[in-house]
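Going line by line, the protein sequences match chains B and S. Be aware that the first sequence starts at 24, since it is given in this note's numbering, and climbs by one per residue. Be aware that the second sequence starts at 24, since it is given in this note's numbering, and climbs by one per residue. A quick write-up on the structure given underneath.
Protein chains: 2
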Amino acid sequence: MTAPEPLHALQHIQSLPSWLAGRVAARGRSLVAEAIATEGLKLPHHAVLAAVSEYGPVAQADLVRRLGIDAKDVVLLLNHLEDAGLLLRSPDPRDRRKNAVTVTPQGTRTLERCATLAEQANAELLSPLSPTERQQLMMLLTRIHESSD
Amino acid sequence: MTAPEPLHALQHIQSLPSWLAGRVAARGRSLVAEAIATEGLKLPHHAVLAAVSEYGPVAQADLVRRLGIDAKDVVLLLNHLEDAGLLLRSPDPRDRRKNAVTVTPQGTRTLERCATLAEQANAELLSPLSPTERQQLMMLLTRIHESSD
DNA sequence: CGGGATTCATTGGGATGTCCAACGGTCTCC
DNA sequence: GGAGACCGTTGGACATCCCAATGAATCCCG
């Protein structure tokens, strides 16, 4: 049933859902990255800062598990964010192996601005779709995502 | 209207369409990569091989333009594909600056197998969706993608 | 209560993907 | 015929991703 493909091999690849999703994701990624660059953050920094904000004083190993980022990279990201005054590493008195990472007030303000910027970028990404279609897309993507834990 | 976010900053990020699309794209990417690894190809190699197949004898600069890949990387990818006997670089007699890149019969056969494998991987990616929903998703992604030329 | 296994943060290195700069060789066009 | 553009190639910067090893601290079980 799959017709002879060799003559349209590239078109075939570029018509696959995986390729299409990749392009859309790349554009969304780029839009959000451009938006939050205003605040001096890159995407991984933003994610880490948000995770620290959400999970209060948190150990780095917890960030590794929650975000699925490599421990090495967490160290580097936290270095940058700490140098920028957006978060703080302090020793955990209850377990001297751990760092208790917390957000500074400045970090919270930056995060609030980034939330707005990221939403605007996503609005631009979805601008070709109607509100109903945006909801549909979210629902479909969520279904695919949740089925792959 | 945007409620106070700082307490759910990570959840907020992870509920954005850009993040969701990124996760789905990453999974699709991984599934396809795993599938075509059977043929000894990685994703960029597959794309380049497909482009060479589709555009007949083609200069490397044309591949750079059509695929949006850096010229340096095209060189490396072609080196690998040529060593594997999947394509051929021969001097273009009409322009001695150019290489005329063509697919070998073996390359064509590999490409046919990869087409099937990539389709199977995409079927697995979309397995949580009904046929109608798959069509909807494709339509929505296509609309977003086409509006960003 | 003591000692082996585990966890923590950090450092290092390798493989990969993306991008920019420069180079000699070749062609185009005026 | 000569200036400018284009070709393939090489080199290096930079971020991401994965694996391994370290010393310090804690946990658990016998």
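Glycine included, C-beta positions come from ideal geometry on N, C-alpha and C. All of these numbers come straight from a predicted model, not from anything done at the bench.
On the CB-based measure, 16 or more other CB atoms within 10 Å of its CB, does N102 of chain B come out buried or exposed? As a working note, residue 102 of chain B is residue 79 in the first sequence. Label assigned to N102 of chain B: exposed.
How about Q83 of chain S: is its C-beta nearer than 8 Å to some C-beta of chain B? Numbered from its first residue, the second sequence carries residue 83 of chain S at position 60. So no, Q83 of chain S is outside the interface.
What did DSSP end up calling R120 of chain S once you bin it into helix, strand or coil? Here residue 120 of chain S refers to the residue found at position 97 when the second sequence is read from its first residue. Three-state result, R120 of chain S: coil.
With a 10 Å radius around its C-beta and 16 neighbouring C-beta atoms as the bar for buried, classify Q83 of chain B as buried or exposed. Residue mapping note: residue 83 of chain B aligns to position 60 of the first sequence, counting from 1. Q83 of chain B should be labelled buried.
So T165 of chain S contacts chain B; which residues on that side make the cut at Cβ distance below 7 Å? Here residue 165 of chain S refers to the residue found at position 142 when the second sequence is read from its first residue. The answer, in chain order, is L43.
Taking DSSP as the reference, what is the three-state secondary structure of S53 of chain S? Position 30 of the second sequence, counted from the first residue, corresponds to residue 53 of chain S. The answer is helix: DSSP assigns S53 of chain S an H, G or I state.
Option in S:T165, S:E156 and S:P154 with minimal Cα separation from P151 of chain B: One-based indexing of the first sequence puts residue 151 of chain B at position 128. Selected option, being the one with the closest Cα: S:T165.
Can you tell me whether S113 of chain S is buried or exposed? The criterion is at least 16 other CB atoms within 10 Å of its CB, across all chains shown. Residue numbering aside, residue 113 of chain S sits at position 90 when the second sequence is read from its first letter. Looking at its Cβ environment, which holds fewer than 16 other Cβ atoms inside 10 Å, S113 of chain S is exposed.
Does the contact criterion of 3 or more C-beta pairs under 8 Å hold for the region 114 to 129 of chain B versus the region 45 to 58 of chain B? no
Exposed or buried, V55 of chain S, counting other C-beta atoms within 10 Å across all chains shown (16 or more means buried)? In the second sequence, counting from the first residue as 1, residue 55 of chain S sits at position 32. That one is buried.
Classify T125 of chain S as helix, strand or coil using the three-state DSSP reduction. Along the second sequence, read from residue 1 onward, the residue named residue 125 of chain S stands at position 102. Three-state result, T125 of chain S: strand.
Proximity winner among B:K65, B:H69 and B:H35, relative to L134 of chain B (alpha-carbon distances): Taking the first residue of the first sequence as position 1, residue 134 of chain B is located at position 111. Cα-wise, what sits closest to L134 of chain B is B:H69.
Compare the beta carbon distance of P80 of chain S and A123 of chain S with 8 Å and say whether it is the shorter of the two. Counted from its first residue, the second sequence places residue 80 of chain S at position 57. Counted from its first residue, the second sequence places residue 123 of chain S at position 100. Yes, these two residues count as a Cβ contact at 8 Å.
Assigned exposure category for A74 of chain B - 16 Cβ within 10 Å defines buried: As a position in the first sequence, residue 74 of chain B is number 51, starting the count at 1. So A74 of chain B counts as buried.
Could one say the Cβ of H35 of chain B lies closer than 8 Å to chain S's Cβ atoms, at least one of them? Indexing the first sequence from 1 puts residue 35 of chain B at position 12. So yes, H35 of chain B belongs to the interface.
Within chain B, the residues that E105 of chain S reaches when beta carbons sit closer than 9 Å: Within the second sequence, residue 105 of chain S is the residue found at index 82, counting from 1. Residues of chain B passing the Cβ test: none, with the nearest at roughly 17 Å.
Uninterrupted alpha helix (DSSP H) stretches inside the region 52 to 106 of chain B (no shorter than 4 residues): 66 to 77, 83 to 90 and 94 to 106
Are there 16 or more other CB atoms within 10 angstroms of the CB of E77 of chain B, so buried, or fewer, so exposed? Reading the first sequence from its first residue, position 54 is the one you call residue 77 of chain B. It is buried - the Cβ of E77 of chain B has at least 16 other Cβ atoms within 10 Å.
Span separating the alpha-carbon of Q37 of chain S from that of A94 of chain S: Position 14 of the second sequence holds residue 37 of chain S. Position 71 of the second sequence holds residue 94 of chain S. Distance between the alpha carbons of Q37 of chain S and A94 of chain S: 35 Å.
Would DSSP call T25 of chain S helix, strand or coil? Working through the second sequence from its first residue, we reach residue 25 of chain S at position 2. Its pLDDT being 48, under 50, T25 of chain S is placed unreliably by the model, and the measurement read from it follows with that caveat. Reduced to three states, the DSSP call for T25 of chain S is coil.
Check each candidate in B:R89, B:V71 and B:T125 and name the one with the smallest Cα separation from C137 of chain B. In the first sequence, counting from the first residue as 1, residue 137 of chain B sits at position 114. Ranking the options by Cα distance to C137 of chain B, first place goes to B:V71.
Could you say which of B:L43, B:T125, B:R132 and B:L90 lies nearest to Q34 of chain S if we only look at CA atoms? Position 11 of the second sequence, counted from the first residue, corresponds to residue 34 of chain S. When only C-alpha atoms are compared, the closest one is B:L90.
Please name the residue in S:A58, S:G108, S:R157 and S:Q158 whose C-alpha comes closest to that of T139 of chain S. Here residue 139 of chain S refers to the residue found at position 116 of the second sequence. Comparing Cα positions, the closest option is S:A58.
Taking only the alpha-carbon atoms, compute the straight-line gap between V87 of chain S and L100 of chain S and give it to the nearest angstrom. The sequence position of residue 87 of chain S within the second sequence is 64, counting from 1. The sequence position of residue 100 of chain S within the second sequence is 77, counting from 1. If you draw a straight line from the Cα of V87 of chain S to the Cα of L100 of chain S, it comes to about 11 Å.
I'd like to know whether the C-beta of P128 of chain B is nearer than 8 Å to at least one C-beta of chain S. Here the question's residue 128 of chain B lines up with position 105 in the first sequence. No, its Cβ sits nowhere closer than 8 Å to a Cβ of chain S.
Please report the Cβ distance between T127 of chain B and L149 of chain B, rounded to the nearest whole angstrom; I am assuming they are in contact, meaning their Cβ atoms lie under 8 Å. For the purposes of this step, residue 127 of chain B is identified with residue 104 of the first sequence, where counting begins at 1. For the purposes of this step, residue 149 of chain B is identified with residue 126 of the first sequence, where counting begins at 1. Incorrect: roughly 33 Å between the Cβ atoms, too far for contact.
Cα separation between L160 of chain S and R132 of chain S? Numbered from its first residue, the second sequence carries residue 160 of chain S at position 137. Numbered from its first residue, the second sequence carries residue 132 of chain S at position 109. So the two alpha carbons sit approximately 31 Å from each other.
Compare the C-beta of T25 of chain S against all C-beta atoms of chain B and say whether one is closer than 8 Å. Indexing the second sequence from 1 puts residue 25 of chain S at position 2. Interpretation of T25 of chain S is limited by its pLDDT of 48, a score under 50 that renders its predicted location unreliable; no figure is taken from the coordinates.
Taking the beta strand (DSSP E) that Q111 of chain B belongs to, which residues open and close that run? Counting from one through the first sequence, the residue named residue 111 of chain B turns up at place 88. Reading off the sequence shown, one finds Leu at residue 111 of chain B, where the question assumed Gln. Looking at the DSSP string, the run of the beta strand (DSSP E) that includes L111 of chain B is L110 to P114.
From D96 of chain B to L64 of chain B, what distance separates their C-alpha atoms? In the first sequence, residue 96 of chain B corresponds to position 73, counting from 1. In the first sequence, residue 64 of chain B corresponds to position 41, counting from 1. Taking the straight line from one Cα to the other gives about 15 Å.
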